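Read the structure below first, then the notes.
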Amino acid sequence: MRKKLNSMDVIHIDKNTGEFICETNGCTSIEDDTLTESEKKHKDYVDTHVLNFNKGEGFVKMFTEMAYALSLKLPPKEYQIAIGLSKFVSYEDNVLKIGIGKRKHNMDLHEIADVMQTDYSRMTRLMNSLIKHGVFGIMQVGNCKTKNIEKFYIANPYIYINGKNPEKELCKYFDNSGWKEFMNELSTLNEVC
2 MRKKLNSMDV
12 IHIDKNTGEF
22 ICETNGCTSI
32 EDDTLTESEK
42 KHKDYVDTHV
52 LNFNKGEGFV
62 KMFTEMAYAL
72 SLKLPPKEYQ
82 IAIGLSKFVS
92 YEDNVLKIGI
102 GKRKHNMDLH
112 EIADVMQTDY
122 SRMTRLMNSL
132 IKHGVFGIMQ
142 VGNCKTKNIE
152 KFYIANPYIY
162 INGKNPEKEL
172 CKYFDNSGWK
182 EFMNELSTLN
192 EVC
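Reminder that position 37 of the sequence shown reads as 38 in the numbering used here, one-by-one numbering, no gaps.
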């Protein structure tokens, strides 16, 4: 740490031995290797933690209480699918997507079945059940006149989110899924405890 002194006479003493080293007239700055409390805490933190762990790896925030609630409310296979598909939740819109860069696209049910190593007919039943539980939803966009409609799957932002600011339309879609109320109840309980 560098301490600035303005036009002061300074006596230099070895901090380890207490011996007089020299005297300086009109010193404007000195080097001091002692650390402030916040610098000591930061150094201790850096020394005891792996910084930027798995930097560059994608991640999805899954609310821990929700993960636990899912484990209680869903049958094992549906829970496995709900956890497994979290890898494919896209940034802020929560659409299930696959691919990288220009090849990234919304997943269809065949692709979901493939990545989860489940046959298509069983995946249809599983996804329908997860939609009924409010874990996932289906959005449809397109032109009704040309019948060019794209159907894609979205994940409930009250369970997991990629990014800090989900789209309002996404939250509105899942407002009545029951998970928002569950999250609010947990917040109230945590404030009381």
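Yeah, the Cβ is synthetic: ideal placement off N, Cα and C, and Gly gets one too.
Since the model is a prediction, treat every value here as computed from it, not as a measurement.
Bounding residues of the beta strand (DSSP E) (the contiguous stretch that carries residue i)
i	result
lysine 152	149-156
methionine 67	Taken as a continuous stretch (DSSP letters only), methionine 67 belongs to no beta strand (DSSP E), being part of the alpha helix (DSSP H) at 65-74.
methionine 140	137-144
Check whether residue i and residue j have beta carbons under 8 Å apart
i	j	result
asparagine 107	glutamate 170	no
leucine 131	isoleucine 82	yes
lysine 181	tyrosine 159	yes
phenylalanine 137	asparagine 157	yes
Whole-angstrom distance between residue j and residue i, CA atom to CA atom
i	j	result
tyrosine 46	tyrosine 161	29 Å
threonine 37	isoleucine 22	24 Å
glutamate 40	valine 116	47 Å
cysteine 172	tyrosine 121	29 Å
asparagine 149	glycine 143	6 Å
proline 167	isoleucine 84	19 Å
alanine 68	serine 178	16 Å
arginine 104	aspartate 48	41 Å
valine 51	lysine 165	23 Å
phenylalanine 183	threonine 147	41 Å
methionine 140	tyrosine 174	9 Å
isoleucine 12	threonine 18	14 Å
alanine 70	glycine 135	13 Å
glutamate 66	glutamate 20	60 Å
histidine 43	cysteine 145	58 Å
Cβ neighbour criterion (16 or more within 10 Å) applied to residue i
i	result
arginine 3	Residue confidence for arginine 3 is low, a pLDDT of 49 falling below 50, so the modelled location carries little weight; the figure read from the coordinates is stated next. The residue is exposed, with fewer than 16 neighbouring Cβ atoms inside 10 Å.
aspartate 94	buried
serine 91	buried
threonine 119	buried
isoleucine 155	buried
valine 96	buried
isoleucine 113	buried
leucine 86	buried
For residue i, the nearest candidate out of the options (CA to CA)
i	options	result
glutamate 79	Phe175, Ile139, Met124 and Thr147	Met124
proline 77	Leu127, Ser87 and His50	Leu127
aspartate 109	Val51, Phe89 and Thr65	Phe89
leucine 75	Tyr174, Met140 and Asn129	Asn129
lysine 16	Glu24, Thr25 and Thr35	Thr35
heavy atom of the ligand NAP below 7 Å from residue i C-beta
i	result
serine 39	Because no ligand of any kind appears in the structure shown, any question about the ligand NAP cannot be addressed here.
First through last residue of the alpha helix (DSSP H) which encompasses residue i
i	result
asparagine 178	Rather than asparagine, the amino acid found at residue 178 in this sequence is serine. Per DSSP, serine 178 belongs to no alpha helix (DSSP H) and is neither H nor E.
isoleucine 199	The structure shown does not extend to residue 199, since the chain is modelled only from 2 through 194, so no value can be given for it.
leucine 110	110-116
asparagine 129	121-133
proline 77	77-85
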